[in-house]
Structures are given as structure tokens and as C-alpha cells.
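Note sheet for the following structure.
Protein chains: 2
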Amino acid sequence: MNKPNAYQQLSQHFQQLAKLSHLNAITSWDQATMMPDGGNQARAEALAELAVIIHEKSTQPQLEEWLEQAKSQNLTSVQQASLREMERSWRNSTALPADLVKAKSLATARCEHAWREQRKANNWQAFQVNLQAVMQLAIEEAQIRADKSGLSRYDAMLDLYEPGMQMQRLDLVFGELQTWLPQLIQEVVDKQASWPKLKQYGNFPSEQQKQLGLAVMQKLQFDFKHGRLDVSAHPFCGGVPSDVRITTRYEEEDFTRSLMGIVHETGHARYEQNLPLDLVDLPVGQARSMGIHESQSLFFEMQLGRSQAFVEQLHPLVKQHLTQAKNMPLSELQQHYLSVKPGYIRVDADELTYPAHIMLRYQLERDLINQEIKVADIPELWDQKMQQYLGLSTKGNDKNGCMQDVHWPAGLIGYFPSYSLGAMYAAQFHAALVKAKPDTPDAVAKGDYSGVFAWLKQHIWSQASLYETDELVERATGESLNPAYFQQHLRSRYL
Amino acid sequence: MNKPNAYQQLSQHFQQLAKLSHLNAITSWDQATMMPDGGNQARAEALAELAVIIHEKSTQPQLEEWLEQAKSQNLTSVQQASLREMERSWRNSTALPADLVKAKSLATARCEHAWREQRKANNWQAFQVNLQAVMQLAIEEAQIRADKSGLSRYDAMLDLYEPGMQMQRLDLVFGELQTWLPQLIQEVVDKQASWPKLKQYGNFPSEQQKQLGLAVMQKLQFDFKHGRLDVSAHPFCGGVPSDVRITTRYEEEDFTRSLMGIVHETGHARYEQNLPLDLVDLPVGQARSMGIHESQSLFFEMQLGRSQAFVEQLHPLVKQHLTQAKNMPLSELQQHYLSVKPGYIRVDADELTYPAHIMLRYQLERDLINQEIKVADIPELWDQKMQQYLGLSTKGNDKNGCMQDVHWPAGLIGYFPSYSLGAMYAAQFHAALVKAKPDTPDAVAKGDYSGVFAWLKQHIWSQASLYETDELVERATGESLNPAYFQQHLRSRYL
Chain C
751 MNKPNAYQQL
761 SQHFQQLAKL
771 SHLNAITSWD
781 QATMMPDGGN
791 QARAEALAEL
801 AVIIHEKSTQ
811 PQLEEWLEQA
821 KSQNLTSVQQ
831 ASLREMERSW
841 RNSTALPADL
851 VKAKSLATAR
861 CEHAWREQRK
871 ANNWQAFQVN
881 LQAVMQLAIE
891 EAQIRADKSG
901 LSRYDAMLDL
911 YEPGMQMQRL
921 DLVFGELQTW
931 LPQLIQEVVD
941 KQASWPKLKQ
951 YGNFPSEQQK
961 QLGLAVMQKL
971 QFDFKHGRLD
981 VSAHPFCGGV
991 PSDVRITTRY
1001 EEEDFTRSLM
1011 GIVHETGHAR
1021 YEQNLPLDLV
1031 DLPVGQARSM
1041 GIHESQSLFF
1051 EMQLGRSQAF
1061 VEQLHPLVKQ
1071 HLTQAKNMPL
1081 SELQQHYLSV
1091 KPGYIRVDAD
1101 ELTYPAHIML
1111 RYQLERDLIN
1121 QEIKVADIPE
1131 LWDQKMQQYL
1141 GLSTKGNDKN
1151 GCMQDVHWPA
1161 GLIGYFPSYS
1171 LGAMYAAQFH
1181 AALVKAKPDT
1191 PDAVAKGDYS
1201 GVFAWLKQHI
1211 WSQASLYETD
1221 ELVERATGES
1231 LNPAYFQQHL
1241 RSRYL
Chain D
751 MNKPNAYQQL
761 SQHFQQLAKL
771 SHLNAITSWD
781 QATMMPDGGN
791 QARAEALAEL
801 AVIIHEKSTQ
811 PQLEEWLEQA
821 KSQNLTSVQQ
831 ASLREMERSW
841 RNSTALPADL
851 VKAKSLATAR
861 CEHAWREQRK
871 ANNWQAFQVN
881 LQAVMQLAIE
891 EAQIRADKSG
901 LSRYDAMLDL
911 YEPGMQMQRL
921 DLVFGELQTW
931 LPQLIQEVVD
941 KQASWPKLKQ
951 YGNFPSEQQK
961 QLGLAVMQKL
971 QFDFKHGRLD
981 VSAHPFCGGV
991 PSDVRITTRY
1001 EEEDFTRSLM
1011 GIVHETGHAR
1021 YEQNLPLDLV
1031 DLPVGQARSM
1041 GIHESQSLFF
1051 EMQLGRSQAF
1061 VEQLHPLVKQ
1071 HLTQAKNMPL
1081 SELQQHYLSV
1091 KPGYIRVDAD
1101 ELTYPAHIML
1111 RYQLERDLIN
1121 QEIKVADIPE
1131 LWDQKMQQYL
1141 GLSTKGNDKN
1151 GCMQDVHWPA
1161 GLIGYFPSYS
1171 LGAMYAAQFH
1181 AALVKAKPDT
1191 PDAVAKGDYS
1201 GVFAWLKQHI
1211 WSQASLYETD
1221 ELVERATGES
1231 LNPAYFQQHL
1241 RSRYL
């Protein structure tokens, strides 16, 4: 047997890392869904030990050498894409010196831990000291990543979640959004002012909601041989491609949120379940980016899930599974899923106001990383922008303003844009699908989603990270990111 | 900071291994309880990768050096015990050469996999070829372990499950058992011949059985902050001491088996949950042996669980939780838990006939390892012994005879005796407890188990592996293993 060449060595290395990530994915899922409280200390220690082992393996000195050698090998185009993604993964995991990784881990742990109480107490003064420390390290991190990648500071952070995306393009995208979104929100709010008040239908037992959720997952062709549905405090999609674990949280007084949450996570899950098997443990076989991942969950939730056709099909399932909803008229279910109401909290926002929350956060974190504003400036700027975009003031209400998200305390900078990029890609994919298959709306109206899923599988799911995001989107839709489709979608749905 | 000394290095090493074992315990539990079928391949690969990492760490060359150096350090008695257990663990995990480990892994995987079909087909001819290969490697393994430990072949295998136990003692124990057990079984069967036939009470939904099981776990002071109850095809106790996962399997037509199974696993669980916190990740902080572990589950199941007092207290819980059992008289519940009936299958055996199944297996595996009999001789010897001990012939019925267990196909030789040692230790512990606290039966009759659990915690649970098994048992009961207590217990319960 010949000695494996550099490309083969790299592949083996990343396949081994994938096995270790598998252990992390399942034990983390267990921590969120199954683990009793008393198991937390031992679990945290076991996961920390695993992180050390993964870090040691990810930073082996031979990797740099193999990456160099592999570049002069005779590689197929798939292998070239694989090498590109292995190099990106390697660059991102080795960029930071060990002392910065440690300092960041300590600062974010401290900030996030204290934040849970400080937020409740609306204590910005205490919080900002910790956030200042986190942000200082984030700026250091961004600078080091920028130096190593040749990107600008913020772009280097974006590269962790949304490879290839740039601040310059986000400025255009959100700059344009800012010109029409606040006005559109106002128009829709005015239009909906005459809608009747929604009735209370009493309690919906979790077990009934679960059966309803499973029925909807079935309809959306979630593969139950390769995944399951459980409960956690914060819904997520975890696990591994051959065993995708989605979660929800049931509120007994309102089933609509968990139900649409399940539709959302099912979108994430079907992407994972349909990644190409032959590349499964390699970086190139993984989902393209955070934004593309979110485009799939939002395709399911927003393009399909809240459409008239889907809600009409949902209605009999709701009546069948939920005893207390057996007399709920279709119009009320539709109203639930189309109501627009500006609010303080991002995670509670509807489809139309959500991008305003993201735009605000993008603008602030960009300016923080570029040292154009300071942490101390955040509350005032937050209030200003909330007034400007959503007509709400957060003055003196930081717990429902700039203290609401875990992202910054956790050191996640460059992550927020992915949510809105996902919504925009989803609208663009839907438009391309309808253009390619004009009979899609008719089929969907009859409950036949096979054409929709076939298109997504062909153009997105099976493509994993074989192409850079722009190329993936161009191959799927004929053009790169074009937010006009998102605007069209919102106008046609809400006006 | 001083450089850590050899003892500290060893401690850190084993604490790190414990974190990795944690990952193995939780992902293995998940595999048995939660994982959808389609996740199996990826899970197997991830667990195999983890096993490689654990093996690499367990066989680091520095360990031998540290073990030598630590012996000349000035250690406390706890540290000396810790060092003894670290050395045992190290010796057992490094004894075999890599090529034998691999050959064994392949042979057992092949044998176990094929066995699942061969057993159904009653195909001894095909099975024996694979078992022959496994047994040949087991003999090689036993010889190598014997050479390294200075023990005899079978004793070296016993050391993996029941450190300190020897074939010579087992020959005495089972030799004596053989003189009175078959006769006692016959007497009890004759006595029970006049018992009425048990009624069928219809179906018992799993959810009701689960609530009953949880109520019984509560009564037995299972700590739900550090553990949980789930369902798996084969019941087990897994997880880690701060997060103990027990499982059961509900049969809707008969609740009694799962219920007593839960009592049994709760015994295992309380041992784990009460191991000493300060030694938790070290070998010395772990359960003493398979047999001592089984002594705790059998103390719960046999000494407590099937006692008249406990069944009387169980009765109202059964009627409360199981709609279909609400008119079941106490006498029937008692009869369920005391019926003796010789049968072919070990895992279905009652308390009285179980040791006969073990005695048979011990005698055969001892003679196989010592090359006094051949694999080809098994069916005939099995049939002879089953006739002799239980009055049943397995001629031509190998699937319910020598093909029923997974242990030998899986290469587990030296494991079976632990089941009966556990039963004997349990009886001896119970006798010692009642001698030390004569008011125990009165307290238990009133449903007060606090004295029982305090005794077990003081003498067994908190002692972990601080003493060799004989010393542990002597400190707890005033003498080393004495099977007379087991005989007394059986006679007083069943005659």
C-alpha cells in the first residue's frame, strides 16, 4: 500500500475531526434536552476535554505542510473545492494564539454568566464593564484574523459564519432595506389595524402539540429514520446529518409559535439530512454557511409555512390534533401567521419587523469592531435606531433593548447578518423555483411539495460547500444575492 | 508552581480518561435509547474513534514510569489505594498486543453479528465455527493476561470483572451450591404446585407503567437531579455518577417484570449516585467490581424488592397507577414475585433457579479456557447439566440452550460468575445489616428504608474501590464471602 498523499492525509484528518464533532453534537444535544441539572458540571468538564482534544488535532503542525503540498497535486474539481474548505477550516481554527483563545473564553464566560442576572435587573452599568472586555478581545481577534486572511476586520469575522460576504455588500443591502422597510412596516400596521382581536382557545396539552408537530414534519418529509423531535428551552437543530435532532418548546396557551418553530427547524433538518453522503465527514460536505442554512429554515417557515396554501393545509391538522382548537376558523390561523406588530424583542419578531432588528445590530457591531463607536454609546444608539426603524423607544429599558441577546456577551460578532441574508436568499430561491417550474403554486395548493423539495435538493442541499456562496446562488438562481426578491415577497404578502 | 509529581501526573491522566469515558457513556446510552436507526453507522464510527483515542491515552509509555516512581512516594492510605487501582486499570488496558486486540474485535463482531440470525435458526453448526475462533483468541488473551499478572488463566480473566476472585474459590462456592440447589428447587416447585393460576388483567399502558416506575424509584430514593429513567430494548444502568441513566422495557401485557427491573436498576443507580465525590474521576472512586455492583441491584430487587413488606407497600402504588390492576389482590402480586419455575432462559429465570444457570455457564467457560473441553462439546454438556440442575433437556434446542447468551460471542469470559456472587453478597450484606440494626425489619415494614440506605452508603457505596473486595466485605460484614447466607435467605423465603 502506498503512503497516503497530502490530500489523503488531510481528508483523513478532517474525517477524524468529524467523528469527534459527532460526540460533541450528541452530548450537547443531550445537555439541552435530556440531562438532569445535576449532570451539568461533569458534562461541562467532559465537553471542555473534548474541545481540548479537537483543538490539539486541529492545530497539528503537519496540516500547514499538507495544505501546501496538496495544492500542487493533480486534483479533481471536487477535490479542489474540498481542499479550499479544508484550508478555510484550518485557517479559522488556527488563526488565534492560545492566550487570546483562553482570554476570550474567560471573558465571554464571565460576561454571559453575569448577563443572565444583569439583564433581569436592567443593569447596563454593570453589564457594560464585562461587554467592554469582550469587545476589546473581539477587536483583537478581528485584527489577527484580518492580518492572516487579508480581509478587513469585520469581513474576517464574517468569514466565520458567512464566507465570502463583505461589509461593503452588507452596507448596500441594509442601506437599501433602510430606505423602504420602516415605511412598509407602518403601512402594514395601518392596514392590519382593522383586523379583529384573536380569541383565546384555552390550553393545548404538550402531547397534542407534539403529535401535531410530528404530523407536520411528516408532511414536510422529515426523515424519521435519520432524526427526531424533542424539547429544549431554546429550539435548535443539532445532531449530525445521518441523525438530525430538532427541538421545540411547547407553550400550552399558544400552539402557533412552537408549530411554526417546528416548520423552521425542519427546514434546517432537511438540508442536513440531504447533504451529499459521499462527502459527509469533510468540510466540503457541510452546509455552505449560516446564511444559507437559515435560508432553508426560512424557506420552510416563510416561503412555504406562512403561505396561504400551507396554512390551509395546516388547518385540518390543527383541528384534528388539538382538542381545544377543533372549532378554530381558518381565518384566525391565517391571522396568527400574518400579524405584524413592532416589538422590542428580536426573537419574538414577525417576518416583516425582524430585518429591522438585524439591521440595527449589524450597524452597531460593524461600528464597534471598526472602533467608530464605543460600548458606552450602545444604549443611546439602540434607542435612536429602534425609534427610527420601529417607532419604539428603549430608553431606560436596556433589558428589552441592547441587553436582550446572548450573541455579543458570547463574543459572536458577525453572526447577526446571517439571519436576514437567509430571509433574502429564501425569497430569491423561491422566485427562481417558480420561474423554473411555473406549476409550483398549483402543485403546492394541492399539497404536493415534491417539486419544491426536488429543486432545493438539486440546487442547495446536494451542493453542500462545493461552491462559494455567490456561485451556489448564481447556479441556483441565475444571479448572486438580489434583495429585490425579498422586498417583492414582503409587499405581495403583506400589502 | 512545582512540576507535578508522578502520583499527580497519574491522577490527571485518569481524570482525563474519565472525561472521555463520560462521552462514551452518554453517547452509548443515546444509541440504546434515543438514536433513530439511521444514525447507527455514524455513531459506531464516532465511538470507534473515541475508543482509539482512549486506547492511545491508556497506553502512553510514561504511565509505566510514573507508576514505578509513585510507588516510592510518600502516599496516604487513600492515595495508596488509588495507585493500586490505577495500576490495575493500566495493567488490564495495556496487557494485550495491538494485533490481538484487533483480531479479537473482528472475531467477536463477526460472531456476535452472525449469532443474531444463527440463534433464531437454531444453527449450532454455523455458529460454532465463529465461536471457536472467538474462544481460541480468548484462550490466547487469558494466557497473556496470566503471564503478565502472575495469575492463572481463568483468574486473569476474572480480574477484569471481579478483581481478587479466583477459580479455586468459585469451585468451592459453586461446588457447594450444586449439593443443595437442585434439590431445593424441586422442593419449592412441589410446594408451589398447589398455587392458583394467575389471572390475566388485560393491558397496562406504558405511560401508566412509567409513572408507577417513577413512584417506586422515588420511594427507593433515586436522585432525579442526578439521573433519569428511559426505555431500551435491553435494560441497563449507564451514564456517570452525577447523571445515572437507567432503562427498562415495558411489556403491556405484564407490568411485573419491568417494575421489578426498575427496582433492580435503581440499586445499581444508587451505588453510582453515592460513590464518593472527591474521588469521582479516579479508578479508586469507581464501583468495586461487577459482583459488588450486582450485589446492590440484587439487594434492591431480591432482599428488599421481593420481600413481603415491600410487595405490601408496592400493592397500593400498583392499584393507584395501573387502571387495569385496580382490583388485583395483594396475594396475586406476591405470587408474581415469588413463583419458581425452572426454564430454559437465564434472563427469564427467577431468584431460585438463576444460580443454576450461572453454575452451568461457569463450569463450561472455566473448562473451555483451561482447554479441558472443546467448543464442539458444549451442546451435549449443556443438555446434561440442564437436566441435572433444572430437569430440562436442551437436546436439539440450542437456541434456547447454549446459544441464548451474547456473552461468549462477545468474548466475555469470566463475567457470568459475577451475577451469582452479587446474589450471595446481597444476602450476606442483608444479614449483616439486620444483625447490626435489629430493628431493620420493623422499620422496613413501616416503609422506612432510611436505616437500610444509611448502612449501604456507609459500608458499600461510599467505599468505592478503596479496599479490595474481600476487605470491603469483611469490613461490612465481619467475614469474607460466605454463601451460607444466600442459602439461608432462599430457604427462609421459599420453603
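Keeping their order, the protein sequence lines are chains C and D.
Take the position in the first sequence, starting the count at 1, then add 750; the result is the number in the numbering used here.
Take the position in the second sequence, starting the count at 1, then add 750; the result is the number in the numbering used here.
C-beta atoms are modelled at their ideal positions from N, C-alpha and C, and glycine is treated no differently.
Quick caveat: nothing in here was measured; it's all calculated off a predicted structure.
What does a CB cutoff of less than 6 Å around residue i pick up in its chain, not counting 5 residues either side in sequence?
{"i": "LEU970 (chain D)", "result": "THR1016"}
{"i": "SER843 (chain C)", "result": "SER808"}
{"i": "ARG895 (chain D)", "result": "ALA845 and ALA906"}
{"i": "SER992 (chain D)", "result": "HIS976"}
{"i": "ARG1111 (chain D)", "result": "PHE1166"}
Give a yes or no on whether the minimum CB-CB distance between residue i and chain C is below 7 Å.
{"i": "ALA848 (chain D)", "result": "no"}
{"i": "PRO1033 (chain D)", "result": "no"}
{"i": "PRO754 (chain D)", "result": "no"}
{"i": "THR1073 (chain D)", "result": "no"}
{"i": "ALA883 (chain D)", "result": "no"}
{"i": "PRO1079 (chain D)", "result": "no"}
{"i": "PRO946 (chain D)", "result": "no"}
Considering only DSSP beta bridges, list what residue i is partnered with.
{"i": "ARG1243 (chain C)", "result": "ARG1243 (chain C) is not bridged to any residue."}
{"i": "ILE996 (chain C)", "result": "C:LEU979 and C:CYS987"}
{"i": "LEU1003 (chain D)", "result": "According to the sequence as given, residue 1003 (chain D) is Glu; it is not Leu. Paired residues: none, contrary to the question."}
Is it right to say residue i is buried, meaning 16 or more other beta carbons lie within 10 angstroms of its own, or is it exposed?
{"i": "GLN1107 (chain D)", "result": "The sequence shown places His at residue 1107 (chain D), not Gln. By the 10 Å Cβ count, HIS1107 (chain D) comes out buried."}
{"i": "VAL923 (chain D)", "result": "buried"}
{"i": "ASN790 (chain D)", "result": "exposed"}
{"i": "THR929 (chain D)", "result": "exposed"}
{"i": "ASN1024 (chain C)", "result": "buried"}
{"i": "PRO1105 (chain D)", "result": "buried"}
{"i": "SER1200 (chain C)", "result": "exposed"}
{"i": "GLY963 (chain D)", "result": "buried"}
{"i": "ALA1075 (chain C)", "result": "buried"}
{"i": "PHE974 (chain D)", "result": "exposed"}
{"i": "TRP779 (chain C)", "result": "buried"}
Could you tell me whether any Cβ in chain D is nearer than 7 Å to the Cβ of residue i?
{"i": "LEU1206 (chain C)", "result": "no"}
{"i": "PRO1026 (chain C)", "result": "no"}
{"i": "GLY789 (chain C)", "result": "yes"}
{"i": "ALA782 (chain C)", "result": "no"}
{"i": "THR1259 (chain C)", "result": "Nothing in the structure corresponds to residue 1259 (chain C), since chain C is present only between 751 and 1245."}
{"i": "ALA1037 (chain C)", "result": "no"}
{"i": "ALA792 (chain C)", "result": "yes"}
{"i": "ALA786 (chain C)", "result": "In the sequence under discussion, the amino acid at residue 786 (chain C) is Pro, which differs from the Ala named in the question. Yes, because at least one Cβ of chain D sits closer than 7 Å to the Cβ of PRO786 (chain C)."}
Considering only residues of the same chain and omitting the five flanking positions on each side of residue i, which have a CB-CB separation below 7 Å?
{"i": "GLU867 (chain D)", "result": "none"}
{"i": "LEU881 (chain C)", "result": "CYS861, VAL1125, TRP1158 and PRO1159"}
{"i": "ALA768 (chain D)", "result": "ASP1031"}
{"i": "GLY914 (chain C)", "result": "GLU1218, THR1219 and ASP1220"}
{"i": "LYS854 (chain C)", "result": "LEU887, GLU891 and GLY1161"}
{"i": "GLN942 (chain C)", "result": "SER1089 and VAL1090"}
Can you pull the chain B neighbours of residue i, defined as C-beta to C-beta under 7 Å?
{"i": "ALA796 (chain D)", "result": "Considering every chain present, this structure includes no chain B. Its protein chains are C and D."}
Interfacial residues, the segment 978 to 997 of chain C to chain D, with Cβ spacing under 7 Å: Listed in sequence order: ARG978, VAL990, SER992 and ASP993.
Residues from the segment 799 to 810 of chain D in contact with chain C, defined by Cβ distance under 8 Å: The residues in question are GLU799, LEU800 and ILE803.
Within 8 Å of chain C by C-beta, residues of the segment 954 to 976 of chain D in sequence order: Result list: ASP973, PHE974, LYS975 and HIS976.
Cβ-based contacts, 7 Å cut-off: residues of the segment 1087 to 1113 of chain C near chain D: Under the 7 Å Cβ criterion, the segment 1087 to 1113 of chain C contributes no residue.
Residues in the segment 893 to 921 of chain C having any Cβ partner in chain D nearer than 7 Å: Answer set for the segment 893 to 921 of chain C: empty.
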